[in-house]
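The structure appears below as structure tokens.
Protein chains: 2
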Amino acid sequence: MSVSDPGNRPDEMPEAPIVGAPAAVTPPAESGERRSPAPAVAAALAAGDRARAIELSVHLHAADLADLLQELSTEDRQTLIGLLRERFDPDTLVYLNETVREEVLARLGSAEVAAAVSALDSDDAVDLVGELEPDARAAIMARLAPSDRAILETALSYPEESAGRLMQREVVTVPPHWRVGDAIDYMRARAEHLPRDFYEIHVVDEQRRPVAVVPLSRLMRNRRLTPLTEVMQRKMRLISVTADQEEVAYQFRQYGLVSAPVVDAEGRLLGAITVDDVVEVIQEEAEEDVLRLSGVREDDFYAAVVDTTRARFSWLFINLLTAILASIVIGFFEGVIEKVVALAVLMPIVASMGGNAGTQTLAVAVRALAVKELTATNAARIIVKETIVGGINGFLFAILMGLAAWAWFGAPVLGGLIASAMIINLLAAGCCGVLIPVVLDRFGVDPAVGSAVVLTTVTDVVGFMAFLGLASLVLL
Amino acid sequence: MSVSDPGNRPDEMPEAPIVGAPAAVTPPAESGERRSPAPAVAAALAAGDRARAIELSVHLHAADLADLLQELSTEDRQTLIGLLRERFDPDTLVYLNETVREEVLARLGSAEVAAAVSALDSDDAVDLVGELEPDARAAIMARLAPSDRAILETALSYPEESAGRLMQREVVTVPPHWRVGDAIDYMRARAEHLPRDFYEIHVVDEQRRPVAVVPLSRLMRNRRLTPLTEVMQRKMRLISVTADQEEVAYQFRQYGLVSAPVVDAEGRLLGAITVDDVVEVIQEEAEEDVLRLSGVREDDFYAAVVDTTRARFSWLFINLLTAILASIVIGFFEGVIEKVVALAVLMPIVASMGGNAGTQTLAVAVRALAVKELTATNAARIIVKETIVGGINGFLFAILMGLAAWAWFGAPVLGGLIASAMIINLLAAGCCGVLIPVVLDRFGVDPAVGSAVVLTTVTDVVGFMAFLGLASLVLL
Chain V
46 MSVSDPGNRP
56 DEMPEAPIVG
66 APAAVTPPAE
76 SGERRSPAPA
86 VAAALAAGDR
96 ARAIELSVHL
106 HAADLADLLQ
116 ELSTEDRQTL
126 IGLLRERFDP
136 DTLVYLNETV
146 REEVLARLGS
156 AEVAAAVSAL
166 DSDDAVDLVG
176 ELEPDARAAI
186 MARLAPSDRA
196 ILETALSYPE
206 ESAGRLMQRE
216 VVTVPPHWRV
226 GDAIDYMRAR
236 AEHLPRDFYE
246 IHVVDEQRRP
256 VAVVPLSRLM
266 RNRRLTPLTE
276 VMQRKMRLIS
286 VTADQEEVAY
296 QFRQYGLVSA
306 PVVDAEGRLL
316 GAITVDDVVE
326 VIQEEAEEDV
336 LRLSGVREDD
346 FYAAVVDTTR
356 ARFSWLFINL
366 LTAILASIVI
376 GFFEGVIEKV
386 VALAVLMPIV
396 ASMGGNAGTQ
406 TLAVAVRALA
416 VKELTATNAA
426 RIIVKETIVG
436 GINGFLFAIL
446 MGLAAWAWFG
456 APVLGGLIAS
466 AMIINLLAAG
476 CCGVLIPVVL
486 DRFGVDPAVG
496 SAVVLTTVTD
506 VVGFMAFLGL
516 ASLVLL
Chain Y
46 MSVSDPGNRP
56 DEMPEAPIVG
66 APAAVTPPAE
76 SGERRSPAPA
86 VAAALAAGDR
96 ARAIELSVHL
106 HAADLADLLQ
116 ELSTEDRQTL
126 IGLLRERFDP
136 DTLVYLNETV
146 REEVLARLGS
156 AEVAAAVSAL
166 DSDDAVDLVG
176 ELEPDARAAI
186 MARLAPSDRA
196 ILETALSYPE
206 ESAGRLMQRE
216 VVTVPPHWRV
226 GDAIDYMRAR
236 AEHLPRDFYE
246 IHVVDEQRRP
256 VAVVPLSRLM
266 RNRRLTPLTE
276 VMQRKMRLIS
286 VTADQEEVAY
296 QFRQYGLVSA
306 PVVDAEGRLL
316 GAITVDDVVE
326 VIQEEAEEDV
336 LRLSGVREDD
346 FYAAVVDTTR
356 ARFSWLFINL
366 LTAILASIVI
376 GFFEGVIEKV
386 VALAVLMPIV
396 ASMGGNAGTQ
406 TLAVAVRALA
416 VKELTATNAA
426 RIIVKETIVG
436 GINGFLFAIL
446 MGLAAWAWFG
456 APVLGGLIAS
466 AMIINLLAAG
476 CCGVLIPVVL
486 DRFGVDPAVG
496 SAVVLTTVTD
506 VVGFMAFLGL
516 ASLVLL
């Protein structure tokens, strides 16, 4: 882990394909099509051509090597890591999916992992070690140099997914009475101890509390004698070290921040978070919502069959209970179904339309809650709006489906029944599509997790109840 | 539009709440709870207290004022903009949702909008003008200074959602034979013409083709006499000016980029994209998937009732057709339902479990496709895995639901029927949950848009067919 990078490393990445060399400028492909080396590597491994497999993978960017490892089957992955072992780029670990990473770490063994951790930037090392199981973590920590271990231990003392885990601890601080030239001289003199890359310096008072930041571009364009107070930017959004990463991402997105100082409870500067640290968080948070809305608790794309099955089972089990509930509702009306079997044919349409209309509303509401557009101020207005939208679409589909049912079974009464039930269920779907996530959010439950199952229960029960209940009144 | 910002503006934001002042350090709240000024502003407007409404909103950060405007009802919004008119911060427009922005622009009128566009940074101005209707755009363009208009016209000549729209056109370029001191002197001399904030300078050859970049932090820590060739970073990922923003976001995320040079077809430097320009894109792309998977074509949170209803109708209409298809399948088996009405009670359970299991798989597959983890290399393996997961869960739920149905209706044959149908449908759900998005993607259809409706059609039809078909064989 290189806390103080010696700097002056013209190229940080391995030397192989110089994309930007003046003679051979090759802009990246326009489209998303990318030739993955995975099929060729898999073929080479299958043919036992180790030299070819190494040749194809050893010069890859760490991110692309991570992708390659993920695309390969477990067996091929293990073989390739064995082949690359001595030349394995530690940065690859940073880019790997959690499940695959565990597998790779196990294959590498703790001596090699400890060496990799030492080679990583401190924030990447924290990330990697933070996700290990307690046993594995202890094994790695024991093999680290005491200074590295101390840094990791401090970082890991902040809660998971907090600003403390995201921040870079290495920041350049200067006192407010300096001039531009003082700051530049100071950085030149301390070149060995500066972070590898940084975009601004922090002006702090005697208690190390942030006073202002000076973007490097402002230092650059001003004369050496200009006082820092004339070029510094006093407006900052401080981030508490214990703030949740979701809150950090919100701040960066809301205010278009490029970087923000991180402070402790006394307001003293502990580090800084830059926007590139937050990109991953923003993407993760948005992805989580996609998965949770569909009943997947966490991304299990690379997980083993048993783990995936177990994770999915509990959600399906809850769904089974709600499906049984809907069936019990149907059971109340066995008599009328026995008499008019066409009801059994038509009833899933009412439930399905309610479910789909509700899901549309739900997705919009969950997203709006996540980005804090749906608030206490406008919740009532949005519920009314969505109920009206549901009502109008309910009315339109009532006409369509009413006529269709009449034509299909030649019974106008069936058309009237399904039309009435359609309006009732789409009104319920629009209203509950906002109401359910808002209420869950108010009670501190992640609306992306619980909303869908509650909503489909409502639309199923209301749909069957309205359609079959009205049918009982009219037909029995 | 300030292409060349004079720099030296110590504070970019209005003076009001100095978050970072040494005496009053107030770290942001830990949680997502934020007091929105919206209720107080709405109350002031309702009470006709204009002074109070202005007082509450005039000192807000542009991003917070945008939120406030979004939270207010249309009427209050119009009133508030009328009150703030002369003191309206143009940056607010950048943060507004598209629908609300159009409303605000209409209320402001083209003279005021043209003034706002002139005051914005060039990339924000491009963003704003690029989203206007042709008529509105022409009206604004006609009122701009010729130099501003020319810049906007060039930027708008790049396709929407392309790198050309995202990039900053103002970059600092230097020749490769310079020393660190030359670059610093050059920037000091040209202070007036430098972009407001930048993080690196670009080394280009005589044809203005990128050779390398030099992060400002590297300029800072090296002696004036050090040649740039010793500190520059030759590894760059060039971005074509016509590349889609999704591709740009992918590059930034995949390789953890902080900035990338943008080049034309001849490889000449046109501008640069920094990670903060990409954050919004990453979030948008992820959000789009959440909404599309649920049948919402675009975010209509702030759209009028009529627009929202129309947008949702088409998706619901397609769903109606698939629901009718499922009903036709049920219709084939009216005979057996008439004989054993319990079948009508139980059949939605089979369809519902299939739909939910399939949706879980689908969400994982769509996400994996979006981040390019699901590829031609591993598609077959993932389909097999998900089919096995579906099969195992199918088997488990077959036992559970088989016993439940037996107990409920006292008929072991019903238990056997629902158990068999459950296994068949969950196998189909697992397999099709991956297969459908992969096939749509292969044919160039956005898998987030079409997958869900195809999938639920499959799980409904297979579910009803398996359950009722087996019942016909056994019971008739």
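Line order of the protein sequences matches chains V and Y. Counting from 1 along the first sequence, just add 45 to a position and that's the residue number in my numbering. Counting from 1 along the second sequence, just add 45 to a position and that's the residue number in my numbering. Just so it is clear, CB atoms sit at the ideal spot from N, CA and C, and this is done for glycine as well. Source: prediction; values computed, not measured.
(request) Give the DSSP-derived three-state secondary structure of V:R268 in the structure shown. (result) coil
(message) To test your reading of the DSSP string, which unbroken alpha helix (DSSP H) runs of 4 or more residues are found completely within the segment 360-402 of chain V?
(response) 379-384
(message) Could you tell me the alpha carbon to alpha carbon distance between Y:A208 and V:V483, rounded to whole angstroms?
(response) 37 Å
(request) Give a yes or no on whether the minimum CB-CB distance between Y:R412 and chain V is below 9 Å. (result) yes
(request) Taking a Cβ distance cut-off of 9 Å, strictly less, list which residues of the segment 401-427 of chain V are near chain Y, in chain order. (result) N401, A402, T404, Q405, T406, L407, A408, V409, A410, V411, R412, A413, A415, V416, K417, E418, L419, T420, A421, T422, N423, R426 and I427
(request) For V:L448, I'd like the list of residues in its chain whose CB is within less than 7 Å of its CB, leaving aside the five on either flank, ordered along the chain. (result) G460
(message) Is there a Cβ of chain V sitting closer than 9 Å to that of Y:M46, yes or no?
(response) Caution is warranted here: a pLDDT of 47 is assigned to Y:M46, below 50, making its placement in the model unreliable, and no coordinate value can be reported.
(request) Assign V:E343 to one of three DSSP states: helix, strand, or coil. (result) coil
(message) Determine whether the beta carbon atoms of Y:Q405 and Y:E311 lie at a separation below 9 Å.
(response) no
(message) So with CB distances below 7 Å, who are the chain V contacts of Y:F358?
(response) N438 and L441
(message) Tell me the residue span of the beta strand (DSSP E) that contains V:T319.
(response) L314 to T319
(request) Report yes if the CB atom of Y:A368 is closer than 9 Å to the CB atom of V:S372, and no otherwise. (result) no
(request) Please compile the residues from chain V whose C-beta is within a distance smaller than 7 Å of the C-beta of Y:Y203. (result) The premise fails here: Y:Y203 is roughly 13 Å from chain V at the closest Cβ pair, so nothing lies under 7 Å.
(message) My output table needs one value for Y:V286: the three-state DSSP class, helix, strand or coil.
(response) coil
(request) Provide the residue(s) that pair with V:E245 in DSSP beta bridges, ordered along the chain. (result) V:P260
(request) At 9 Å on the CB atoms, spell out the chain V contacts of Y:M398, in chain order. (result) L361, N364, L365 and A368
(request) Tell me the start and end of each unbroken alpha helix (DSSP H) in the segment 443-473 of chain V that is at least 4 residues and wholly inside, in chain order. (result) none
(request) For V:T218, name the three-state secondary structure that DSSP assigns. (result) strand
(request) Starting from V:I229, find everything on chain Y with Cβ-Cβ shorter than 7 Å and list it in chain order. (result) M265
(request) Take every Cβ of the segment 433-443 of chain Y, pair it with every Cβ of the segment 162-176 of chain V, and state whether three or more of those distances are shorter than 8 Å. (result) no
(request) Can you tell me which of the three DSSP states Y:P84 falls into? (result) helix
(request) Identify every residue that forms a DSSP beta bridge with Y:S304. (result) Y:T319
(request) Within its chain, find whatever has a CB closer than 7 Å to the CB of V:R282; leave out the 5 residues flanking it on each side and keep chain order. (result) Q296, Y300, L302 and A305
(request) Note down the Cα distance separating V:P220 from V:I185, rounded to an integer number of angstroms. (result) 39 Å
(message) Let me see if you follow: with CB-CB separation under 9 Å, is V:T504 close to chain Y or not?
(response) no
(request) Give, in chain order, every unbroken run of the beta strand (DSSP E) that is at least 3 residues long and sits entirely within the segment 107-151 of chain Y. (result) none
(request) Report buried or exposed for Y:P191, applying the criterion of at least 16 other Cβ atoms within 10 angstroms of its Cβ. (result) exposed
(request) Within its chain, find whatever has a CB closer than 6 Å to the CB of V:P272; leave out the 5 residues flanking it on each side and keep chain order. (result) R224
(request) Using alpha carbons as the reference points, say which of V:L407, V:H106, V:A425 and V:L513 lies closest to V:G475. (result) V:L407
(request) Leaving out five residues on either side along the sequence, give the residues of the same chain with a beta carbon under 8 Å from the beta carbon of Y:V548. (result) Because chain Y spans 46 through 521 in this model, residue 548 of chain Y falls outside it and cannot be assessed.
(request) Have a look at V:G399, V:G175 and V:D486 and flag the residue whose alpha-carbon is nearest the alpha-carbon of V:A22. (result) There is simply no residue 22 of chain V to check, as chain V begins at 46 and stops at 521 in what is shown.
(request) Tell me whether the beta-carbon of Y:T420 lies closer than 9 Å to the beta-carbon of V:E332. (result) no
(request) Please state whether DSSP places Y:S167 in a helix, a strand or coil. (result) helix
(message) Just checking: is the beta-carbon of V:M232 within a distance shorter than 9 Å of some beta-carbon in chain Y?
(response) yes
(request) Tell me whether Y:R279 sits in a helix, a strand or coil according to DSSP, three-state version. (result) coil
(message) Nearest by alpha-carbon distance to Y:G380: which of V:F377, V:F378 and V:K384 is it?
(response) V:K384
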